[in-house]
Amino acid sequence: MSNLDFKKFKPFSDLSHGDISKSYVSVGRIETVKQTSGPTLMVLMDSTQSFTFKAFIKPGERAFPECELGDVVEVEYRVSERQGSIEGEVRSMKKISQEHVADFEEYIEKKEEERFQAKDIELTIQSPVLEALKPRFLHVASIIRKAVAQRRPIILRHDADCDGYSSAICLERAILKFMDECTGGDVMSRYNLFRRAPSRAPFYEYEDAVKDVSMMLKDMVKNGAKEPLVIVTDNGSTNEDIFAYKQMKLYNCPIVVIDHHYPGEKDENGNVEVDYFIDGHINPYLEGFDSNVCSGMLGYELARFIYEDNNNSVMIPAMAGLLDHVDGLELKTYVELAQKEGYTTQFMEKLGDLIYLQSHYMRFGEAREFFDDIFGNNLVVQKEIVNLVYPEIEKLYTKTRKIGKQYASVEDFGPFYVVQFDGEKGTARGQYPAVGKSTNLIHAMFEEELNKPVITMTSGSTFLTIRVGDDIKGLSIPEFCTDILSKELSHTGAEGGGHEHAGSVKFVEYAREEVITAFINYLKKISKLN
Amino acid sequence: MSNLDFKKFKPFSDLSHGDISKSYVSVGRIETVKQTSGPTLMVLMDSTQSFTFKAFIKPGERAFPECELGDVVEVEYRVSERQGSIEGEVRSMKKISQEHVADFEEYIEKKEEERFQAKDIELTIQSPVLEALKPRFLHVASIIRKAVAQRRPIILRHDADCDGYSSAICLERAILKFMDECTGGDVMSRYNLFRRAPSRAPFYEYEDAVKDVSMMLKDMVKNGAKEPLVIVTDNGSTNEDIFAYKQMKLYNCPIVVIDHHYPGEKDENGNVEVDYFIDGHINPYLEGFDSNVCSGMLGYELARFIYEDNNNSVMIPAMAGLLDHVDGLELKTYVELAQKEGYTTQFMEKLGDLIYLQSHYMRFGEAREFFDDIFGNNLVVQKEIVNLVYPEIEKLYTKTRKIGKQYASVEDFGPFYVVQFDGEKGTARGQYPAVGKSTNLIHAMFEEELNKPVITMTSGSTFLTIRVGDDIKGLSIPEFCTDILSKELSHTGAEGGGHEHAGSVKFVEYAREEVITAFINYLKKISKLN
Amino acid sequence: MSNLDFKKFKPFSDLSHGDISKSYVSVGRIETVKQTSGPTLMVLMDSTQSFTFKAFIKPGERAFPECELGDVVEVEYRVSERQGSIEGEVRSMKKISQEHVADFEEYIEKKEEERFQAKDIELTIQSPVLEALKPRFLHVASIIRKAVAQRRPIILRHDADCDGYSSAICLERAILKFMDECTGGDVMSRYNLFRRAPSRAPFYEYEDAVKDVSMMLKDMVKNGAKEPLVIVTDNGSTNEDIFAYKQMKLYNCPIVVIDHHYPGEKDENGNVEVDYFIDGHINPYLEGFDSNVCSGMLGYELARFIYEDNNNSVMIPAMAGLLDHVDGLELKTYVELAQKEGYTTQFMEKLGDLIYLQSHYMRFGEAREFFDDIFGNNLVVQKEIVNLVYPEIEKLYTKTRKIGKQYASVEDFGPFYVVQFDGEKGTARGQYPAVGKSTNLIHAMFEEELNKPVITMTSGSTFLTIRVGDDIKGLSIPEFCTDILSKELSHTGAEGGGHEHAGSVKFVEYAREEVITAFINYLKKISKLN
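Protein chains in written order, with numbering that gives the first Met the number 0: chain R, 0 to 529; chain V, 0 to 529; chain X, 0 to 529.
Have a look at this one:
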C-alpha cells in the first residue's frame, strides 16, 4: 500500500481571494463541527493552518455525518467568499483510509512540530536557575503554542496575589499575541478561546475544576470546541492540586504548571507527585533550586518563548519578586533592569499592593483589559492609578495597624513575644485588607516596635493564621500540623500547613480553643529552644 | 358568512427548497415579531409548523404594524433562501376578518391537538400507582409537547437533591429531543428555549419567581419570545408554592407540577389548593397513594410520554428511589431493571451521593452538559467520576462523624437518647457536607451505636434541624410547630415544618434558646408516651 | 488656506435605498472601528447622523490603519444593501488636512449643538425650586442627548430605594425613547448602549467604579465602544463619591449627577466639592434650596428635557416624594396630579414599599423590563402585583414589629426613651426587611405606643443604626461622629454619618461595646438639653 503524497494536495495556507470560484482537493483533520439551522460548518486543519468549510445537504441536517470530529478527511471543494473572508463549499468529503491516517498524523505532526516548536532564544537575564529550566520552558511553550494554533481553548488559572497576576498577565499577553497571528487578529477569538481565572484558594480547587469542566462541556456541545488546555501558575505543583487534575483528565485536558512552591521530593523516576497528572511542569525545585525565582519571573521568561514580541515590561518580574519577598541574583537583576526603564522600587511596591486591592474588588473576576492597563498597557493609567489609589490604601493600612495596636494582646514568652489578634473582631468582612494582609501588617508593626522577635496568631471562629519572626529557631508550622494537630487533635478535624514560618490552620468552630491552646503549648516548648 | 377553507392555503410543512422563487398564500398566527435595524422578522405558525417571514418597508421600520403578535393573518409571499434555510419574503399581509379567526383557531387547535397530543404508550413497569396517574401523564406531556412545538420557552425548576435532579434530567432530555425534532436540530434553540434551574429552597420561592419573570420579560422584549411554560418537579405541590405561582400567573405563564410530596387534602371539587393556580399536576397523593413513587420515577415515566426515544436509563428512577429512601413495588422493580443493565445498588447509591456533592459545588447553576454526562450520557465519565470522587466524599463523611462523636452531647431521656449538635460550630461554612447532610450522618452514627432510639437536634443561631428515630411514637414535628411554636412562641416569629420525623424550624437568633427549650420540653412529654 | 465647504459633501441623513449602487464623497468623524475576520467595519458621524462603512483589504486585516478612532476623514464610497439596511463600501479614505479638522469640528459642533440641545420646554408644575434649576436641566439633558446620539454607552447608577428607582426609571425611559429615534428602533442598541445599576452603598462606591471601568474597557476593546457617560442619581453629590469619580476620570468618562442630598457648602468659585470632577450637576441645594424636591421629581422633570414624549406618569414623582418623606409644595402638587390620574396616596405608598421588596429580591440586578412594568408600563401588572404582594409585605412587617416588641429593651432617659435592639439577633439574614427597614418599623411602633419621644439604636457586631424622634433637641449624629467617634474613639477606627436624626456608625466588632457606651453617654448629655 503506497503512502498518500500529502504534498500533492492544496495546502490551506496557499488559498487566497484569487482562488475564488476555483476547485481544489485537500486533506485535513476535522477540528470543529458546528451544525446551524442551515449548513454544517467545519473547520479543517492541514499541516499549514485551519480553514473553514461549509457543507449543505438540507437545512439543519448534518452533512457528511460519517466524518466526525478528529477524523482525517479528503475534501473536494470550491472556494467562495463570505463577508470578505474566503471559505470552502464542500463538494464531497470522505475519511481517508485507515492506513493513511497514520501517515497523515505523522506528516502533520512533523510539520506542526516545526511550526509550533518554541524557538531556543536567549533568556532576558543571566541566571543558573533559569538556564537549568530552559528545556522546560521550551517544552511548555511548545504545548501552549500548539494549543493556540489548533484553536484549543485555554483556561489560565492563577493565584490571586501579585506574583500570580504577574505571571498570568505575562502569559496572557503572549498567548493573545500568538493567537492574533494565527487568527488574523480576530477579536472574538480572544474572548472565545481564552479565559484567565484567579483562584480563591491557594491551589487549584476541585470546585474550580468542576466549574471549568462544566463551562468547557457547554462550549464543546454548543460551539463544537475542543477540550481546553489548562495552565496553572503560581499554584499547581503540590498534592492539593491532584484532585482537580484528575477531574480534568477524565476529559483528557492537557495541563501545564508554572510554579515556585515546594512540590515535594522527586521519586525514583525523577518525578514529583503531580507530574503523573500533568503534561509540562516548570518549577525551580525540579532542578534543585528554591522558591527565590518566583512565578512572575518564570511567567515573564516563558512568555518570550511563547511569543517573543509580547509587550511585557521587565518591571513585571521585578515587581512580582518584590511583593513575594524573594531574594537573590534574579530579583536584583530584574529590579535593576526595571529601574533603567524608570520604575523605582517604591513605585513597584505600591503598584503591587494596588493589584491586591483591585483583585479584592474584582472578586476573582477576570477584568482582563483593566489589569492589562494596570500592568502597563496604558502607562498613563498605570501611573495615575497609583497616585489616585495608594493614599487610600495607606489610610486603610493605618487604620488596621491602629486597631491591631489597640486590641491585640502581647505576651512575653521569654525569647519572643506572642501577639494574639481576633481576625473576625478586628477586620470588617468583605473589606480590604482581609485577614491575611491584616496579619502581615500587624506582625510587621510589632516586629518594628518590640525589642524581641514576634510570633503573630490571628484567629477566627474557624481559622488560625500564623506569622513567625525570622530569628526564631526550631519552629515549623508544618511540623505542628503533622505532629500535634493530626495526632493529638485528630478528633477536631483540624488541618493546616504552609511554610516553616507562615501558615494557617482550619478547624470547625467547636475546636477553636483546643487548637489555640495546643499552639500556645507548642510555643512554650519552642521558647525553651531559643 | 362562509367559512374560510384553510385547506386551500399552502401548509408550511409542504414548503421545501424546490419552492424557491415561487409565490404562495398561507394563513397563520404570528408567534414572534422581531424588529431588526433592517427588516421585520416574523415567525408564523399554521396547523402544521412554524415558518419564518421577512417583511421590509424601510430599514428599522416595523412592517405591517397593524399585524400584531397573536394575530391570525393571511400572507402572500415568495420563498427565498437564506444561509441554506428557506424563508418567506412577504408581499402582503393582512389580518383575516374577525369571524374567520375563530374558525382558524378551531381548525388549528384540532390539528395541534392531533400533533401535540402525547401517545398512549405502555408504562415501563407494572404499577397501580403509575397506572392511576396515566391520564395525568398524558395531559401534562401534551402541555409540554405543545409548548416545545410552539417555541414557547421552558423553565424547569427542581429540588436540588438527587430525586429532583433525576426527575429534571429525564424531562430535560425528552424535551430537548423533541425540540431537536421540531427545530431540525438547531443547537441555539436548545439554549435559548430551555433552562433548568435547581431551587435553593425546598419549594418554588417567590424570589425565584420574580427572577424568572425578570428574565422572561427581557427575553420577550429583546427577542420577541413568548411567556414561558414553567415546570416544577420534586417541589410544587404545596401551599408554599402558591405565592410564586400567582406571580407567574400575573403574566399568564402555563405551569405544570410533578411531585410526590403531600399536597394537602382535596376539596369538594376534587382539587388540592395549588390546583387552582396550575395547568397540570402529577402526584401520587392525588390518586390516593403516598410518596413512595418518587419524583425521579414520575419524571422518568413522563419523559417517555414527551418523547419516547429519550436515552434515559432505568438506572435513574432506581437511583432516585434509593437516595430518597422510598419503599415499595416500584423501587424494587426499577432497581431490578437497573441491575440487569449492570448497575449495582452500591454504585447507584454512590452516584446519588456524588450528585449532592456536585450540586453543592455548582451552587445551583445549571451545568447541563456535566450533569448529562454524570447521568449516563458519557458512561466512562459516569463510572470514573464515582471512582475518583467517592473516596473524597467518604473522607468528608468520616470527618463529620468524628466531629459529631466528639462534640455532640447525648442525653438519656428514658425511652430514647437526645443528641444535640451545634450545626454552625460543627460544620465549615460553604463546605460539603452542609448542615442537613451532616445531621443525617450524625443521626445515623448514633442510631447505630446506641441501644435505644435517637432524636438528633442540630441547631444554629437561626435554625433547628430535627431527625427522629423510626421507633419513637407520638412525636410529630408539624404538630410541634402548630401546637407549640405558633401558639406559645408566637412572639418569636419562629416557623417550621416537615415530615413527622424529619423537619426544621427557623427563627431569629433572639429566640434560639426559647425554641430549643420548648422542643426539649416537648420531648420530655413525648418520652412519657414511649 | 481656504475652508472646506462641508455643505458640498453628501450628508449621511440624505442617503436612502434610492442611492444603492451610487457613489458619493462625505466627510465624517470615525466613531467606531471594529475589525472582523473579514472586513473592517467603521461607523462615521457627520453633522447629521452616523452611517456604517465596510472597508476591505484582506480578510482580518485592518483597512486604512492610518485612519483611527476619532479622526476626521474624507471617504469615497458606493452605497450598498445589507440585510435590508444600507451601508457604504469604502473606495478610499483619508484623513483631512489638519487645518480642516478644526473647521469640521466647529461646523459639526454647531450642528450638533442645534441637534442635541435640549429644548426649553415648560416644567410640569409651578415650583420656584425647579424653575431655578432649569438651566441645569437644560445643560444636563443636552449632555445626555449628545451621548445618546453619538452612540456613547450610558451607565446609570442610582440609589436602591424608591426615590432612586423613580428617578432612574424616568431617565431610562426618556433615554431609550431618544435612542430609538436615533437608531431607528434597534432593540440590540437598547441593551448594548444602556445599563442601569442600583448601588449597594448609599453613594457611588469605588468598587462599583472599578467594575464599571472593567466592563467599559471590555466593551471598548471587544466592540470598539466609546467611554461611557456615567449618570448618578439620588447619590453622587457628596465627597464620598469623589474616589469613584477620579477612577472614571482616569478614563475621561463624562459624568452628570442628579441628587437632592446635601452636597456641602459652595466655595469661592460657586462650586461644591464634587463639581470639580463632574460635567453637570442638578441639586436643589446648589440654588439655595433643600432636599424636599427629591430625586424622583428631578428625574421626572429632567426626563422631559431629554425626551418629552416619554410615557412617565406623574405618579412617579408623587410616589418618590411620599416614600422619601419629603414635604412642600412640589409633593402636594405631584400628589394631586397623580390623584387626578386615579392613583390614591395609599396605593402609591404600597407600590413604593413593594419596590423596596423587589429591589431586595433582585439583589441589585437591573430587571429592566420588570421594573418598567411595575412603574406603569403594564398597568394591569402594576395594580395586581400590589394586591398580590402587599399582604405578604404586611405579614413580614407585623412579624418584625412583634419581634421588636418582644426583644428590644426600652429605657427611660427622662425626656425620651431609648430603644435598643440587636439587628443581627432580631432579623433573618438575607430576608426582607433587612436591618434599616426593620429599624424604621420598630422605631415607628414605639413612637406610636409611648408617651415620650423615642431614640432607637439597632446594633450588630459591626454597625449601629440610629433613628431619633423629631422632637428631640440638640442631638446630631454627624456631630457625635466628628466630636466623639473621631476624637475619643479614634483607636477603634469607627466611622459614621448621616442626617441629624437618622444615621449609622460602622466599626470592627472589637469596638462594639465602646461605641454603644459612647453613644449612650452622649444621649445622657443630650437628655439634659431636653
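We treat Cβ as the ideally placed atom computed from N, Cα and C, and that holds for glycine. Source: prediction; values computed, not measured.
Report yes or no: is there a C-beta of chain X within less than 8 Å of the C-beta of residue i?
i, result
"R/A427", "yes"
"R/P10", "no"
"R/E508", "no"
"V/Q34", "yes"
Taking the alpha helix (DSSP H) that residue i falls in, what are its first and last residues?
i, result
"X/G496", "First-last for X/G496: E494 to G497, but that is the beta strand (DSSP E), not the alpha helix (DSSP H)."
"X/E300", "S294 to I305"
"X/G435", "V434 to E448"
"V/E112", "Q97 to F115"
Do we get a CB-CB distance below 8 Å when we pair residue i with the residues of chain V?
i, result
"X/K7", "no"
"R/G502", "no"
"R/T31", "no"
"R/H442", "no"
"R/Y190", "no"
"R/K225", "no"
"R/V229", "no"
"R/L216", "yes"
Thinking just about the alpha-carbon of each residue, which of the options is nearest to the one in residue i?
i, options, result
"V/D371", "V/D4, V/C169, V/K9 and V/Y203", "V/C169"
"V/A433", "V/K21, V/Y275, V/T399 and V/L528", "V/T399"
"R/Y299", "R/E513, R/V74, R/S475 and R/G163", "R/G163"
"X/F8", "X/G59, X/E30, X/L378 and X/Y106", "X/Y106"
"R/L378", "R/D158, R/S312, R/T464 and R/Y396", "R/S312"
"V/L484", "V/V467, V/E348, V/S188 and V/I519", "V/I519"
"X/N439", "X/M456, X/A427, X/E239 and X/N450", "X/M456"
"X/S475", "X/C181, X/F462, X/G495 and X/H138", "X/G495"
"V/G351", "V/K394, V/I373 and V/G341", "V/I373"
What span of residues does the beta strand (DSSP E) with residue i cover, start to end?
i, result
"X/R28", "S22 to Q34"
"X/D411", "S408 to D411"
"X/Q419", "Y416 to D421"
"X/R90", "S84 to K94"
"V/S460", "That residue, V/S460, is in no beta strand (DSSP E); it is neither H nor E in DSSP."
"X/R81", "V71 to R81"
Buried or exposed: which applies to residue i, given that a residue is buried once 16 or more other Cβ atoms fall within 10 Å of its Cβ?
i, result
"V/V24", "exposed"
"R/D13", "exposed"
"R/K331", "exposed"
Can you find a C-beta in chain R that's less than 8 Å from the C-beta of residue i?
i, result
"X/V220", "yes"
"X/T461", "yes"
Interface residues of the segment 241–272 of chain X facing chain R [CB-CB below 8 Å]: F242, K245, Q246, L249 and Y250
Residues of the segment 389–409 of chain V with Cβ closer than 7 Å to any Cβ of chain R, in chain order: Taking 7 Å as the Cβ-Cβ cut-off against chain R, the residues of the segment 389–409 of chain V that qualify are E391, K398, K401, I402, Q405 and Y406.
Residues, ordered as in the chain, of the segment 67–100 of chain X that lie near chain R by beta-carbon distance below 9 Å: none
Positions along the segment 353–366 of chain R whose CB lies within less than 8 Å of some CB in chain A: Annotation note: the requested chain A is absent from the structure, which comprises protein chains R, V and X.
Within 8 Å of chain X by C-beta, residues of the segment 170–185 of chain R in sequence order: T182, G183, G184 and D185
Chain X contacts from the segment 125–157 of chain R (Cβ-Cβ distance under 9 Å): none
The segment 481–492 of chain V: positions lying closer than 8 Å to chain X by Cβ: Listed by position, the residues of the segment 481–492 of chain V near chain X (Cβ gap below 8 Å) are S489, H490, T491 and G492.
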